[in-house]
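Protein chains: 2
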Amino acid sequence: MSDDSDRHAAKMAKKKAARDKIMATKTDEKGLIIVHTGKGKGKSSAGFGMIFRCIAHDMRCAVVQFIKGGMSTGERDLIMSRFSDICAFHTMGEGFTWETQDRDRDIEMAQAAWNKAKELIRDEANKMVLLDEINIALRYDYIDINEVVQFLAEEKPHMTHVVLTGRNAKDELIEIADLVTEMELVKHPFRSGIKAQIGVEY
Amino acid sequence: MSDDSDRHAAKMAKKKAARDKIMATKTDEKGLIIVHTGKGKGKSSAGFGMIFRCIAHDMRCAVVQFIKGGMSTGERDLIMSRFSDICAFHTMGEGFTWETQDRDRDIEMAQAAWNKAKELIRDEANKMVLLDEINIALRYDYIDINEVVQFLAEEKPHMTHVVLTGRNAKDELIEIADLVTEMELVKHPFRSGIKAQIGVEY
Chain A
345 MSDDSDRHAA
355 KMAKKKAARD
365 KIMATKTDEK
375 GLIIVHTGKG
385 KGKSSAGFGM
395 IFRCIAHDMR
405 CAVVQFIKGG
415 MSTGERDLIM
425 SRFSDICAFH
435 TMGEGFTWET
445 QDRDRDIEMA
455 QAAWNKAKEL
465 IRDEANKMVL
475 LDEINIALRY
485 DYIDINEVVQ
495 FLAEEKPHMT
505 HVVLTGRNAK
515 DELIEIADLV
525 TEMELVKHPF
535 RSGIKAQIGV
545 EY
Chain B
345 MSDDSDRHAA
355 KMAKKKAARD
365 KIMATKTDEK
375 GLIIVHTGKG
385 KGKSSAGFGM
395 IFRCIAHDMR
405 CAVVQFIKGG
415 MSTGERDLIM
425 SRFSDICAFH
435 TMGEGFTWET
445 QDRDRDIEMA
455 QAAWNKAKEL
465 IRDEANKMVL
475 LDEINIALRY
485 DYIDINEVVQ
495 FLAEEKPHMT
505 HVVLTGRNAK
515 DELIEIADLV
525 TEMELVKHPF
535 RSGIKAQIGV
545 EY
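If you read the sequences in order, they're chains A and B.
If you're matching positions, the first sequence starts at 345 in our numbering and goes up one per residue.
If you're matching positions, the second sequence starts at 345 in our numbering and goes up one per residue.
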């Protein structure tokens, strides 16, 4: 190895030692409350990525979609056709509120989705439950944030992971969450006239 | 409906009209250069979520992992065991640099991964190619950023989506990207002594 490489090896060995020392202090396991929020892309995709990770590990899991867009959802079809034995999938709601224009019906749908979510989380067989776009329903007060926070704090089984997605996550939720990621929009192709495309947006 | 609901319906109808009008101007289709960066979680998960989306739509796709951590990757096993007919999967490299401590070998691995990536992107059968953690290899200059930028600009087929993940994305890459999301860390459970857990971290 060159001198350069020797210096690099020494530096990296030091980094590794520091990292190993830190990681050794991380010994607890518990079910996490995970929030993906922000205006950027990837909130739902990252949630579905974690669900596929669970499926890959043969961990039973479940998805509740609180908002169903007008577009077909590929993930839903894939899970329902190939993995329905390990991942329950429920789509509630009729689309974004500006698609339906009926607040009473939206509230009813959101409440039904939340009741389904509670049932799935209470069932300890489910190791992860994804509540996709629940933040939208919470933002419009279709579901009471205090009820959600109280339920997660008091009734979520200790080892169950719950993933909540959607922009504008409420402060009360962020407060009790273990892992919060803000997806920030840096650049978006809609701005240059590119339409939503299969595989990317849906 | 109540007065409140009437007002809501009118407001939402207005929102929908405005949104429909904007969306109607988005008519172009093209393969996007998509970057997931930042210190937060979900960069790779969101990339894998998009790959599963493609798989769900029967779109041929491919993954090159530039950095392989010490931990087993569930997604890899799932794709290779269930979807190898539609999604090629290549893991190059031996782990993070502070795991291997051999810069010469790391460079060799990164170059091999980049050569595989070019081959997969040039093949128009692939509608999406995920270059997972390539930003790490670019950051350490194991791969030349100028070569990557030039290749994407000149040789990427018009309709192919390329997704590049990893923290510290270089400015040159962000410059040519169509869609950039910065995953920002708001809260992380390691800080409270929770270790990496199956289904969440790997």
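Backbone N, C-alpha and C fix where the C-beta goes; we use that ideal spot for every residue, glycine too.
Predicted model, so just to flag it, every value in this text is computed and none were measured.
By the 16-neighbour rule on beta-carbons within 10 angstroms, H505 of chain B is buried. Here Q409 of chain A is buried. Its C-beta has 16 or more other C-beta atoms within 10 Å.
For F495 of chain B, no chain A residue has a C-beta closer than 9 Å to its own C-beta; the minimum C-beta separation is roughly 20 Å. Close to chain A, meaning a Cβ-Cβ distance shorter than 9 Å, are the following residues of the region 378-404 of chain B: I378, V379, H380, T381, G382, G384, K385, G386, K387, S388, S389, A390, G391, F392, G393, M394, I395, F396, R397, C398, I399, A400, H401, M403.
Chain-order list of chain B residues neighbouring E419 of chain A: G393, F396, R397, A400, by C-beta distance under 9 Å.
For D476 of chain A, the enclosing beta strand (DSSP E) covers residues 472-476. Taking C-beta atoms as the reference points, N459 of chain B and R483 of chain B fail to come closer than 9 Å. Between the C-alpha atoms of R397 of chain A and F495 of chain A there is a straight-line separation of about 25 Å. Annotation for A432 of chain B: the continuous beta strand (DSSP E) segment containing it runs 431-435.
Interface criterion not met: the Cβ of L508 of chain A is under 9 Å from no Cβ in chain B.
Under the rule that a run must span 3 or more residues, the beta strand (DSSP E) segments found entirely inside the region 364-426 of chain A read 377-381, 405-409. Using a C-beta cut-off of 8 Å, the region 459-473 of chain A makes no contact with the region 357-366 of chain B, since fewer than three inter-stretch Cβ pairs fall below that distance. Contacts with chain B at 9 Å (Cβ-Cβ) include S349 of chain A.
Classified as exposed, I520 of chain B has fewer than 16 neighbouring CB atoms from the shown chains inside 10 Å of its CB.
Contact note: E463 of chain A does not reach chain B at a C-beta cutoff of 8 Å; the least C-beta distance is about 20 Å. Leaving aside the five residues that flank E526 of chain A on each side, the residues in its chain whose CB is nearer than 7 Å to its CB run, in chain order, T381, G382. Relative to the Cα of Q541 of chain A, the nearest Cα in the group B:N470, B:D372, B:A368, B:A353 belongs to B:D372. In this chain, the beta strand (DSSP E) harbouring V530 of chain A covers 523-531. For H434 of chain B, no chain A residue has a Cβ inside 9 Å of its Cβ, as the nearest lies near 17 Å away. L517 of chain B has its alpha-carbon roughly 38 Å from the corresponding atom of H434 of chain A. Among the CB atoms of chain A, none fall inside 9 Å of the CB of H502 of chain B. Proximity of the region 387-406 of chain B to the region 468-485 of chain B meets the contact definition, three or more beta-carbon pairs being nearer than 8 Å. Under the three-state reduction of DSSP output, H505 of chain A falls in the strand class. Residue-level contact by beta carbon holds for Y546 of chain A and chain B, with a gap shorter than 9 Å. Spanning the alpha carbons of G543 of chain A and I451 of chain B requires a straight line of approximately 32 Å. Annotation: the continuous alpha helix (DSSP H) that includes N459 of chain B extends over 447-466.
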